[in-house]
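In numbering that gives the first Met the number 0, the protein residues as written are 0 to 133. Each residue gets a CB set at the ideal place from its N, CA and C atoms; glycine is no exception. Quick caveat, the model's predicted, so the values are computed rather than measured.
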Amino acid sequence: MHKKILVAAAVFAALSVALGAFAAHALKDVLDASQHKTFETAVRYQMYHALAMIFCAQCLKQEPNKTLYYAALFFAVGIVLFSGSLYCLIFLNIINIEGLKFIGAITPLGGLFFIAGWVLIIKSAFNNQFNTSK
């Protein structure tokens with residue numbers, strides 16, 4: 000279970016670096032300041048939560064439990080919904096596709112998954128479901 004989470008986290012982290020570099024170089028003359036800031040936010044939150052998934056994977060390796068598994072799963076869903084929706088909005092804007100602004104409504108849902116993942120980590124800490132001293 001922890002290996003799948005670790006692999007997914009590494010993929011998300013690698014994509015975060017690749018997308019950040021892509022925006023900084025290939026899109027630097029295409030994005031306006033606001034779009035660049037939005038893209039940067041998507042990349043940053045993707046990396047933060049990929050690292051959180053790595054933390055969950057390490058804890059699960061030491062002491063498997065469903066709460067941390069779901070925390071990692073919620074982080075993954077949050078990355079797809081939060082960062083993914085921001086990437087979509089920017090790319091749709093670049094290629095001048097209008098009428099799909101509703102995708103922006105998905106972003107806060109991704110944020111809720113991020114928050115839920117952190118709450119599950121807090122729950123694990125209070126339930127002593129993981130021990131980082133092993």
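Cα separation between residue i and residue j?
{"i": "E62", "j": "V76", "result": "23 Å"}
{"i": "K133", "j": "A32", "result": "Per-residue confidence for K133 stands at a pLDDT of 49, beneath the threshold of 50, marking its modelled position as unreliable; the derived number appears in the next sentence. If I take the Cα positions, the gap works out to 46 Å."}
{"i": "V6", "j": "A56", "result": "9 Å"}
{"i": "A22", "j": "A51", "result": "23 Å"}
Assuming residue i contacts residue j under a Cβ cut-off of 8 Å, what Cβ separation, rounded to an integer in Å, is found between them?
{"i": "I78", "j": "F11", "result": "6 Å"}
Mind checking whether residue i and residue j have CB atoms under 7 Å apart?
{"i": "S15", "j": "T66", "result": "no"}
{"i": "F81", "j": "Y47", "result": "no"}
{"i": "G109", "j": "F74", "result": "no"}
{"i": "H1", "j": "L59", "result": "yes"}
{"i": "Y102", "j": "L88", "result": "Checking the sequence, you will find Ile at residue 102 rather than Tyr. Taking 7 Å as the Cβ cut-off, I102 and L88 qualify as a contacting pair."}
{"i": "A70", "j": "I4", "result": "no"}
Buried or exposed, going by whether 16 or more other CB atoms sit within 10 Å of the CB of residue i?
{"i": "V42", "result": "buried"}
{"i": "F38", "result": "buried"}
In chain order, which alpha helix (DSSP H) runs of at least 4 residues are fully inside the segment 14 to 52? DSSP assignment within the segment 14 to 52 yields no whole alpha helix (DSSP H) run of 4 residues or more.
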